[in-house]
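A short write-up of the structure that comes next.
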Ligand SMILES: Cc1cc2nc3c(=O)[nH]c(=O)nc-3n(C[C@H](O)[C@H](O)[C@H](O)COP(=O)(O)O)c2cc1C
């Protein structure tokens, strides 16, 4: 009897030792997730004419697991929201239809799929804008970034949105969210990170407004919270997430007090009862170096009452640690999920994790730098042709020089 109990105890201990925190189930609102490894939103620039293409069926279903949570690449909400070629949109009926088979494929494998809603704001160029007008932003301050050879302006000078125009942009987010649901997505993630329009309102390095959308922290957060409210009213707060990068300074969009900004947002979001808040850790907002979990998001994690997702430079061990220690409920993986479509399985069986192959990254970037020069100086509407070395199966990825500046490599 004694030895039987001892054996049982040993087995129990072994089971506990074998538990991989990232692979434990998690209930996120109405969604029963089978594990905590999230596919981070990743711009692929493979959507010809702002329409997602059928090859995305393969890309997303390869990364789908039964009960896994995936966030689609940043998806443009309106014509003024464009700033990169071959990114998908969600403002037209045609785009909604084009998303449907991709969403269906993810659902067929049991995945939970959210669409990331994106407006680039001033990270754009006249050529992307209706009637060649100036890109819109919280400010009229232009970005200083130039292409590597400095030959032409990468971004056009923006036009500061008039106060009375702001409700229209909020409404565009609302309509895009409705469209995403019509396309079959389970919910939406509002893209408030990495220096795009919402971030351009949030951060005091950029926002120099004197109306109720600028100045104080409360005023700078107003635009994002109005979007959250409109989207939540439209599709239900239980289907809404937001992504923020308070510590980031991508696209010259930094803040003098990121802790206060992140904390204010975390608390304010609670009033809207949204499903999740995803925050990007400081370590990969621009550093390109791997370091320990800095715990800089802990106050926001504690303050936010919904599901908290972290991302930015995580691997297997620190992802497990983040979950085990309660730093996050879920961990979003970007580059590793690109290079390892079966990432959850590799984590489970401790299989070798392919890095994102800096050599390929470099080659792809060089190729894209010339493509990007074109893209920024005149919008190319030619259909992209992908060589076999850039097939979707191999986990390699293309990137604009901007993305490379921002995310670099962490190896
Ligand atoms: C090629 C590429 C495309 C990206 N596209 C997006 C995007 O569309 N939306 C977004 O919020 N973040 C985007 N990111 C950021 C990633 O989601 C992620 O936060 C970042 O890569 C850091 O996480 P990681 O270290 O796991 O890759 C992109 C990153 C890369 C490398």
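Residue numbers (the numbering used here): 1 to 411.
Ideal Cβ placement from N, Cα and C applies to all residues, glycine included.
Residue 135 and residue 206 have their C-alpha atoms some 15 Å from each other. Taking C-beta atoms as the reference points, residue 69 and residue 330 count as a pair closer than 8 Å. Check the Cα spacing between residue 141 and each of 127, 92, 161 and 132: the tightest is with 161. Counting of Cβ neighbours within 10 angstroms places residue 19 among the exposed residues, the total staying below 16. In the displayed model, residue 116 falls within a strand according to three-state DSSP. Straight through space, the alpha carbons of residue 251 and residue 109 are spaced by roughly 36 Å. Counting along the chain, no alpha helix (DSSP H) covers residue 296, and no H or E run does either. Residue nearest to residue 158 within the set 332, 55, 138 and 183 is 138 (criterion: CA-CA distance).
Residue 41 sits away from residue 102, with the two beta carbons spaced by 8 Å or more. Taking the C-beta atoms as reference points, residue 172 is found nearer than 8 Å to residue 78. Contact annotation, residue 351 with residue 303: C-beta distance approximately 37 Å; criterion of less than 8 Å not satisfied. At a cut-off of 7 Å, the beta-carbon of residue 193 counts as near ligand 1: some heavy atom of the ligand is closer than that. When only Cα atoms are considered, residue 32 and residue 246 end up about 29 Å apart. At a Cβ-Cβ threshold of 8 Å, residue 122 and residue 45 do not count as neighbours.
The criterion of a C-beta distance shorter than 8 Å is not satisfied by residue 230 and residue 90.
Between the alpha carbons of residue 318 and residue 328 lies a distance of about 11 Å.
With a cut-off of 7 Å, the C-beta of residue 346 is classified as distant from ligand 1, since no heavy atom of the ligand falls inside that distance. For residue 60, the enclosing alpha helix (DSSP H) covers residues 55-62.
A residue is called buried once 16 or more other Cβ atoms fall within 10 Å of its Cβ, and residue 47 is buried on that count. According to the DSSP secondary-structure assignment, residue 79 is paired through a beta bridge with no residue.
Relative to the non-hydrogen atoms of ligand 1, the Cβ of residue 248 never comes closer than 7 Å to any of them. Of the heavy atoms belonging to ligand 1, at least one sits nearer than 7 Å to the Cβ of residue 243. Measuring C-alpha to C-alpha distances from residue 279 to each of 43, 300, 338 and 175 identifies 300 as the nearest. For residue 260, the enclosing alpha helix (DSSP H) has its first and last residue at 258-270. Here DSSP, grouped into helix, strand and coil, assigns residue 19 to coil.
Sequence-distant partners of residue 223 (beyond 5 residues in either direction) whose C-beta falls short of 7 Å from its own C-beta, in its chain, are 166, 198, 201 and 213. Pairing residue 233 with residue 115, the inter-Cα distance amounts to about 17 Å.
Contact annotation: residue 143 and residue 128 have beta-carbon atoms that are not nearer than 8 Å. In the assembly as shown, residue 132 is an exposed residue. Its beta-carbon has fewer than 16 other beta-carbons within 10 Å. With fewer than 16 other CB atoms across the displayed protein chains lying within 10 angstroms of its CB, residue 164 is exposed.
Looking at 310, 64, 196 and 126, the one whose alpha-carbon comes closest to that of residue 75 is 196. Nearest to residue 30 by C-alpha distance, out of 176, 276, 262 and 125, is 276.
Taking the Cα of residue 342 as reference, the smallest distance to any Cα among 56, 28, 43 and 60 is reached at 60. Not a single heavy atom of ligand 1 lies less than 7 Å from the C-beta of residue 22. Relative to ligand 1, residue 280 has its C-beta within less than 7 Å of a heavy atom.
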